[in-house]
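A.B. asks:
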Amino acid sequence: MKLRDVNYILLFLGIVLVVNLFYPLSFSGNVVAENLGCEVNGNYVSDVNLCCSEMSKFLSCEDGVCVNGDYVISVEEDALDYCKERGYNVRY
Amino acid sequence: MLDIETKQITIFLLVIVSLLGIANLNKDLVGLSVLGIALEDKNFEIEDNVINLNSLTLRQKIGQMIFTLAKIENRDLLQEMNIGGIYFWQKENEDVYETEIDYFQKEMEIPFFVGIDLEGCWNPFDNFEKFPAFNEIKDESDAYTVGKNHGEILKKLGFNINFSPVVDQEDTIWGCRSFSNNVAGNAVYYIRGLQGQGIIATAKHYPGKTLIGRDPHKSVEFSVIEDEDLEPFKWAANNNVGAVMVSHLVTSGKVDSGFSPSVVSGNVINGLKKDFDGLVLSDEVGMNGLKGVYSRDERAMYIDLVNAGNDVILDFRIEPWHLFKVVSIIENAVETGEISEERIDDAVIKILKAKGFKVKRKV
């Protein structure tokens with residue numbers, strides 16, 4: 294490979310890194326939000342982002358189940374993966 | 016000759032790509048600094064608790080309208096960007112809260128709002144302090160006591176705003192977030208107890224009906240708002256509640272959001288502001304009800320949130336570059352005329368007053 298070709302590759306990489314800094318690109322592993330949810334006190338909630346947000350509040354959870362007094366929230370692995378991918382600070 | 020130049024270009028590109036790689040791996044203040052993105056100096060004019068609004072730049076004013084997560088690693092950036100509020104998750108014990116809040120507030124000329132959800136069901140202090148759930152509250156005197164007790168612990172730890180009380184009439188999901196009876200009356204006494212301790216109360220989620228289970232197969236459902244849903248908010252406004260949080264529900268009936276989520280409906284928020292002159296907060300913008308509508312146009316979402324009349328935007332994305340982008344979106348919208356600077360100033364004046372300042376404008 295010629296040095297000039299290396300430079301073209303580095304230039305392309307540089308552009309991708311600049312764009313990713315401000316507008317993160319997703320290349321793989323996207324978990325789709327549809328059909329994801331959680332169970333809150335035995336009731337199903339279909340808003341997975343709400344589930345992620347609520348789970349993020351808990352200091353610790355076990356196997357996808359978080360308990361705080363009368364408040365019990367549980368999520369399946371798919372929803373947990375979605376939350377983690379989206380950057381929610383879920384503890385599990 | 017050409018080979019030497021090509022080699023020099025290669026070395027130059029390697030250095031640049033390495034720096035960009037570091038910035039991408041560590042998207043925080045250091046990362047942004049690597050690119051030489053300057054953050055503005057703070058030259059606030061504050062004397063005897065009177066602040067000159069004109070001493071804040073546009074970006075610093077917009078920063079005040081953002082309420083985000085209190086991630087300790089982001090503290091420097093949140094301070095530099097003059098972010099308005101920080102929200103805490105559950106921590107291990109009282110000392111952690113006190114230490115972290117103190118660390119965030121250190122040397123802040125305009126202090127952060129420091130907020131949490133200490134609510135009916137959710138008790139972030141469960142490790143060291145127990146409280147009854149709201150559905151266990153028997154009467155107004157009880158509600159006042161719970162409000163006062165919430166206020167005392169919040170004050171002690173360094174908080175100044177609580178995203179509570181929930182004043183929905185019905186809670187079919189959690190079963191414990193809202194009062195089981197006399198919602199309006201209990202809410203007022205809770206608010207009096209809480210605000211009596213110097214903590215701003217937040218009546219939520221306007222205009223109601225947010226705690227009812229929904230059909231997961233329907234992408235949009237209208238919630239029909241009735242007079243009884245609005246009553247607790249009117250009573251709370253008449254009793255000087257400091258803040259109201261607006262939901263993402265699409266509503267009809269007594270409050271018509273016009274097929275939009277309530278939080279971006281000028282009709283909804285203007286209707287609220289007829290009886291209420293405190294802070295209007297958006298519910299957290301990451302949730303489906305709003306995010307789903309704006310999935311392809313994040314910029315439009317933030318512009319609509321501001322133009323609809325929200326004074327404070329709750330945005331719990333923790334990446335610092337995201338906050339930088341949000342402020343830039345709103346700043347750009349002001350520069351293009353899509354948002355008036357007067358809208359920004361109105362919001363920031365309310366925010367600064369809620370933080371205890373008197374506000375003037377001096378050229």
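From first to last, the protein sequence lines stand for chains A and W.
Its first residue numbered 294, the first sequence is counted upward by one per residue in this note's numbering.
Its first residue numbered 16, the second sequence is counted upward by one per residue in this note's numbering.
Note that beta-carbon positions come from the ideal geometry of N, C-alpha and C, so glycine has one too.
None of the values given here were measured: they were computed from a predicted structure.
For Ser319/A, would you say it is in contact with chain W, using Cβ-to-Cβ distances shorter than 8 Å as the test?
C.D. replies: Summary for Ser319/A: the model assigns pLDDT 48, below 50, so the residue's position carries little reliability; its value from the coordinates is reported in the next sentence. Answer no: the Cβ-Cβ gap between Ser319/A and chain W never drops below 8 Å.
A.B. asks: For Gly335/A, which of Leu34/W, Trp189/W, Ile125/W has the nearest alpha-carbon?
C.D. replies: The option with the nearest alpha carbon to Gly335/A is Trp189/W.
A.B. asks: For the candidate residues Asn196/W, Asp319/W, Lys170/W, Ala202/W, whose alpha-carbon lies nearest to that of Val181/W?
C.D. replies: Checking every option, the nearest Cα to that of Val181/W belongs to Ala202/W.
A.B. asks: Using a Cβ cut-off of 9 Å, which residues of the region 306-332 of chain W contact any Cβ in chain A, in chain order?
C.D. replies: Going along the region 306-332 of chain W in chain order, one finds Lys306, Gly307, Phe331, Arg332 with a Cβ nearer than 9 Å to chain A.
A.B. asks: Using CA atoms only, rank isn't needed, just tell me which of Arg332/W, His337/W, Ile354/W is closest to Asp319/W.
C.D. replies: Closest option to Asp319/W, Cα to Cα, is Ile354/W.
A.B. asks: Which residue comes first and which comes last in the alpha helix (DSSP H) that contains Lys288/W?
C.D. replies: First-last of the alpha helix (DSSP H) with Lys288/W: 281-290.
A.B. asks: Exposed or buried, which one is Asn325/W when buried takes at least 16 other CB atoms within 10 Å?
C.D. replies: With 16 or more other Cβ atoms within 10 Å, it is buried.
A.B. asks: Please list, in chain order, the residues of the region 121-142 of chain W that have any C-beta partner in chain B closer than 8 Å.
C.D. replies: Structure shown: chain B not included; protein chains present are A and W.
A.B. asks: Is it true that the CB of Ile333/W sits closer than 8 Å to the CB of Val77/W?
C.D. replies: Sequence inspection shows Ile at residue 77/W; the Val mentioned does not correspond to that position. No.
A.B. asks: Just the C-alpha distance for Cys376/A and Val338/A, rounded to the nearest angstrom, thanks.
C.D. replies: Roughly 15 Å separates the two Cα atoms.
A.B. asks: If you draw a straight line from the alpha carbon of Val368/A to that of Asp141/W, how long is it in whole angstroms?
C.D. replies: Rounded to whole angstroms, Val368/A to Asp141/W spans 21 Å at the Cα level.
A.B. asks: Counting only beta-carbon atoms, is Met302/W nearer than 8 Å to chain A?
C.D. replies: So yes, Met302/W belongs to the interface.
A.B. asks: Quick one: list the residues of chain A neighbouring Ile188/W, beta-carbon separation under 8 Å, in chain order.
C.D. replies: Correct list: Val333, Asn334, Asn336, Val338.
A.B. asks: Would you please verify whether the beta carbon of Leu93/W is less than 8 Å from any beta carbon of chain A?
C.D. replies: Leu93/W does not count as touching chain A.
A.B. asks: To the nearest angstrom, how far is the alpha carbon of Gly166/W from that of Glu357/W?
C.D. replies: Using only the alpha carbons, I get a separation of about 34 Å.
A.B. asks: Return yes when the Cβ of Met260/W is within less than 8 Å of the Cβ of Phe178/W, no when it is not.
C.D. replies: Yes, Cβ-Cβ distance for Phe178/W and Met260/W is below 8 Å.
A.B. asks: Taking C-beta pairs closer than 8 Å, name the residues in chain W that Val299/A reaches, listed in chain order.
C.D. replies: Chain W residues near Val299/A: Thr25.
A.B. asks: Any heavy atom of the ligand GTP inside 7 Å of the beta-carbon of Arg314/W?
C.D. replies: The ligand GTP is absent from the structure shown, which contains no ligand whatsoever.
A.B. asks: What is the DSSP secondary structure of Met302/W, reduced to helix, strand or coil?
C.D. replies: Three-state result, Met302/W: coil.
A.B. asks: How about the region 56-64 of chain W and the region 293-312 of chain W: do they share at least three Cβ pairs that are nearer than 8 Å?
C.D. replies: Because the criterion of three Cβ pairs below 8 Å is not met, the region 56-64 of chain W and the region 293-312 of chain W do not touch.
A.B. asks: Take Asp361/W as the anchor and find which of Asn347/W, Ala323/W, His337/W, Thr351/W has the nearest alpha-carbon.
C.D. replies: The option with the nearest alpha carbon to Asp361/W is Ala323/W.
A.B. asks: Taking 8 Å as the CB-CB cut-off, is Gly51/W touching chain A?
C.D. replies: Since pLDDT at Gly51/W reaches only 43, below the 50 mark, its modelled position is unreliable, and no value is offered.
A.B. asks: Please identify the residue among Leu296/W, Gln23/W, Asn39/W, Ala369/W whose C-alpha is closest to the C-alpha of Gly307/A.
C.D. replies: The shortest Cα separation from Gly307/A among Leu296/W, Gln23/W, Asn39/W, Ala369/W belongs to Asn39/W.
A.B. asks: Would you call the CB atoms of Thr83/W and Leu338/W closer than 8 Å?
C.D. replies: Their beta carbons are under 8 Å apart, which means Thr83/W touches Leu338/W by this criterion.
A.B. asks: For the beta strand (DSSP E) that contains Ile81/W, what are its first and last residues?
C.D. replies: Taken as a continuous stretch (DSSP letters only), the beta strand (DSSP E) holding Ile81/W covers 81-84.
A.B. asks: Pairing CB atoms from the region 297-306 of chain A with CB atoms from the region 261-277 of chain W, are three or more of them under 8 Å?
C.D. replies: No, the region 297-306 of chain A does not touch the region 261-277 of chain W.
A.B. asks: Just curious, the beta strand (DSSP E) that Gly268/W is in, first and last residue?
C.D. replies: First-last of the beta strand (DSSP E) with Gly268/W: 265-268.
A.B. asks: Could you give the C-beta distance for Asp242/W and Gly223/W, rounded to a whole number, given that I count them as a contact under 8 Å?
C.D. replies: No, Asp242/W and Gly223/W are not in contact; Cβ-Cβ is about 10 Å, not under 8 Å.
A.B. asks: Can you tell me which residues form a DSSP beta bridge with Leu294/W?
C.D. replies: According to DSSP, Leu294/W bridges with Ala258/W.
A.B. asks: Output yes if chain W places a C-beta closer than 8 Å to the C-beta of Gly322/A; else output no.
C.D. replies: Only weak support is given to the placement of Gly322/A: the predicted model assigns it a pLDDT of 42, under 50, and the value that follows is read from those uncertain coordinates. Answer no: the Cβ-Cβ gap between Gly322/A and chain W never drops below 8 Å.
A.B. asks: Check this for me: beta carbons of Trp104/W and Asn382/A, under 8 Å apart or not?
C.D. replies: Closer than 8 Å, so yes.
A.B. asks: In chain order, what residues of the same chain lie with their CB nearer than 7 Å to the CB of Thr25/W, ignoring the 5 residues before and after it?
C.D. replies: So no residue of the chain qualifies.
A.B. asks: Any idea what DSSP makes of Cys136/W, helix, strand or coil?
C.D. replies: In the structure shown, Cys136/W sits in coil (DSSP, three-state: anything other than H, G, I, E or B).
A.B. asks: Using Cβ-Cβ distances below 7 Å, what residues of the region 159-176 of chain W are close to chain A?
C.D. replies: Going along the region 159-176 of chain W in chain order, one finds no residue with a Cβ nearer than 7 Å to chain A.
A.B. asks: Do Arg384/A and Leu352/A have their C-beta atoms closer together than 8 Å?
C.D. replies: Cβ distance < 8 Å, so Arg384/A and Leu352/A count as in contact.
A.B. asks: Ordered along the chain, which non-local residues of its own chain (more than five positions away) have a Cβ less than 8 Å from that of Asn108/W?
C.D. replies: Counting only Cβ-Cβ distances below 8 Å, and skipping sequence neighbours, we find Asn142, Phe143.
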